[in-house]
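S.K.: When we follow the working numbering, the leftmost residue of the sequence shown carries the number 148, and every step to the right adds one.
We put the CB at the ideal spot given by N, CA and C, even for glycine.
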Amino acid sequence: MPLEERRYRNKIASAKYRAKKQQNMKSMTSRISQLLSNNEMLQQELTKVNKENEQLRSLCRSIMFNQ
Numbered sequence: 148m149p150l151e152e153r154r155y156r157n158k159i160a161s162a163k164y165r166a167k168k169q170q171n172m173k174s175m176t177s178r179i180s181q182l183l184s185n186n187e188m189l190q191q192e193l194t195k196v197n198k199e200n201e202q203l204r205s206l207c208r209s210i211m212f213n214q
């Protein structure tokens, strides 16, 4: 295979690799964004549930001490 053809094939293969790598990066960036958003939502829900839990514990303690 002539040198020029090898260079051309290598150039095509390199471009294909770079395009695939760029697509993978975009995909991972999108996934990270989704996970961060989901994590934030879950953190907020956890805070809300912990607060509710503490309120219910407090209510239970006050009921137990008032009997």
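(1) Reducing DSSP to helix, strand and coil, say where N213 ends up.
(2) DSSP state of M175, grouped into three classes?
(3) Under three-state DSSP, which class holds M148?
M.R.: In this structure, then:
(1) On the sequence shown, residue 213 is found 66 positions in, with the first residue counted as 1. Note: N213 maps to coil in three-state DSSP.
(2) Position 28 of the sequence shown, counting from 1, holds the residue named residue 175. Helix at M175.
(3) Locating residue 148 in the sequence shown gives position 1, where the first residue counts as 1. In the structure shown, M148 sits in coil (DSSP, three-state: anything other than H, G, I, E or B).
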